[in-house]
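Note sheet for the following structure.
Residue numbers (my numbering), protein chains in the order written: chain A, 682 to 1095; chain B, 579 to 670.
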C-alpha cells in the first residue's frame, strides 16, 4: 500500500482498521543470494539499494533483536557532511544528497529537516579549524559558511557569547539538520520488504560457515542459512565480535556514547548546534525535547550504559552556553556502543575471507551516513569489490598507510 | 563510575585515571625487519573483547604512574590491577 494523503483519508474513514503491516515477518529460507547481517539503518539501506539499484534478488537481512533497536535508535539524529577530506566529503555528501529526496524515494516520512547546523568555535585554534574545514568544504562542493558571533546570535538568540566558552564564530552547513531515526529504520525496512527482501528479526548470527577461505553461509539462532553469492556484515558496536567469528581482527575499539533528552518544550531552538571543543551538541526534536549528546566514554566497553562523569561533562557546557536551559528537566538518558577506528573513518571493505564484506567502524557518527553507506555498500556487494565511494575505506588502508584521517583533521565531533 | 585500585595509591574514582588501551603489546624488537602487515598489526589492530580485557591505565591526577588492569567490558567488574613488573593474572 502506497502511503499518501488519499490512503490516510480512506483509512481514517474506515477507523484505521485496514492498515497493512509495514513489513512481513517471514521465516528464514534455507538459502539466499545475499545475506546482510544487521538490521539497523545501514543494513536495511544496504538491502534496499541492493534490490533497487543493483537488481539484487533473494536478499535476507538478519537482525538479532528488532529492526532499528540498536544504535539506529540511540543516536542524536544529526545529519551533516562538512568533513575535511575528499573521500569523506564524497561519501557523506552523497548521503546528504540522498537524505534530501529520501522520504519520497522510500514513501515513508523520515521527517528529514535540513534546518541548518552550526559548529561553534570557542578558541582561536577552533576558528582556524573551521575556516580550514569550511574552505575544504567549499572546494569539495559541500555548502559551508563562516558566521560571526553576531550572526550566531541571530540563529540562537539566547546563546551566551561571552561565558566560560566564548563564541568566536561558527561554521554553518545549511543543508545539515536532523531526521527521525526510528522512521529511517522503519522506512527502509518497509521499502526493502516491498522489493522482496526478507527481514528476519530475532535472528542472531552465531557463526560463519567458511570453506576454502570463502564464506558459504551463516549459523544463526534460527538455524543455518546458506549464502549463494555474498555476505555483508553491517554491525554497529559488535564488529569486532563478528570479525572474531570469521577468524580475523579489525582495527576497532568499542566504547559507549551517551545522549539524553529533556522534557518537551515549546519551540525554542530551530537549528543544530555542535561544539567540538567542549563536546556538547544540542537540537530540539519536533516533539519539543532537547536532544543532547556529548563525548564518548574514555575506555573500551560494551555496556550500552556509559559512565556518569560523562553526563556532567556534557551538562556543564550546555548550561554554560545556554543558561536558559539550566532548569530544564532531563527525562531520559541512554548509551549506545560505538566502533571506533584509528582514523575515525568507517570500514567498507572486503575482508580476509572471500565473499565476506564488512561495513562497520562508523564510530560516533554513523546515523548521518545511513543512506550513503547503504548505497555505497550495496554497490560493493553487487560488484564483489568496492565501488568509487567505498574504495578509500578498505581495510587495507591500515596496512598501506592510506588513512582517511578525520581524527587528525580535528572533526572530532559527529 | 568505576572505583579503581591504583597499585600505589589504593582505591580512587575513575575520573582520576586516564585510559591507554590494550596492555601487553610488545614493541617490535627488530623494527627494520617488520612487514607492512606486522606494522599495521602493532600500530592499529587491537583485541576488542566482549569480556575480559587487559588494559593500561595511568593514575593521571594522582601518582602519575602506569599500571595494568583486568576488567570485564560488559559488567565493568575489575578483577585485578597490577604493576608492569608483575605477572599478568589469569582470570577464569
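The C-beta atom is built at its ideal place from N, Cα and C for all residues, glycine as well. Here the structure is a predicted model, which is why all the values come from computation and not from measurement.
{"query": "CB of residue 703 of chain A within 8 Å of CB of residue 871 of chain A, strictly", "result": "yes"}
{"query": "Whole-number beta carbon distance between residue 903 of chain A and residue 709 of chain A, since they are thought to touch under 8 Å", "result": "5 Å"}
{"query": "Length of the line joining the Cα atoms of residue 887 of chain A and residue 926 of chain A", "result": "8 Å"}
{"query": "Spatial neighbours of residue 834 of chain A in its chain, beta-carbon cut-off 7 Å, leaving aside the 5 residues before and after", "result": "840, 842"}
{"query": "Proximity below 8 Å, CB of residue 789 of chain A to CB of residue 867 of chain A", "result": "yes"}
{"query": "Residue-chain proximity (residue 922 of chain A, chain B), Cβ-Cβ < 8 Å", "result": "yes"}
{"query": "Residues bridged to residue 925 of chain A [DSSP beta-bridge criterion]", "result": "Answer by DSSP bridge pairing: none, since residue 925 of chain A is not bridged."}
{"query": "Classification of residue 937 of chain A by the beta-carbon crowding that lies within 10 angstroms, buried from 16 upward", "result": "buried"}
{"query": "Residues of its chain near residue 910 of chain A, where Cβ-Cβ distance is below 6 Å and the 5 sequence neighbours each way are ignored", "result": "714, 715"}
{"query": "Short-range partners of chain B found in the region 1030-1058 of chain A, where Cβ spacing is below 9 Å", "result": "none"}
{"query": "Alpha-carbon to alpha-carbon, residue 976 of chain A and residue 956 of chain A", "result": "11 Å"}
{"query": "Straight-line gap, residue 857 of chain A to residue 825 of chain A (C-alpha atoms, nearest Å)", "result": "10 Å"}
{"query": "Every unbroken alpha helix (DSSP H) inside the region 808-863 of chain A [4 residues or more]", "result": "830-836"}
{"query": "Sheet register partners of residue 886 of chain A (DSSP bridge)", "result": "A:901"}
{"query": "Span separating the alpha-carbon of residue 603 of chain B from that of residue 666 of chain B", "result": "12 Å"}
{"query": "First and last residue of the uninterrupted alpha helix (DSSP H) at residue 782 of chain A", "result": "767-787"}
{"query": "Residue 1041 of chain A versus residue 588 of chain B: straight-line alpha-carbon distance, rounded", "result": "39 Å"}
{"query": "Straight-line Cα distance separating residue 662 of chain B from residue 634 of chain B", "result": "9 Å"}
{"query": "Candidates A:918, A:969, A:773, A:698: closest to residue 948 of chain A by CA position", "result": "A:969"}
{"query": "Start-to-end residues for the beta strand (DSSP E) that takes in residue 937 of chain A", "result": "934-945"}
{"query": "Any C-beta of chain B under 8 Å from that of residue 758 of chain A", "result": "no"}
{"query": "Three or more C-beta pairs below 8 Å linking the region 715-734 of chain A and the region 748-755 of chain A", "result": "yes"}
{"query": "Top-ranked residue by Cα proximity to residue 973 of chain A, from A:849, A:695, A:995", "result": "A:995"}
{"query": "Chain B contact residues for residue 988 of chain A, given Cβ-Cβ distances below 8 Å", "result": "579, 580, 592"}
{"query": "Chain-ordered neighbours of residue 983 of chain A on chain B, where CB pairs are closer than 8 Å", "result": "628, 651, 652"}
{"query": "Proximal residues of chain A, C-beta to C-beta of residue 631 of chain B below 7 Å", "result": "981"}
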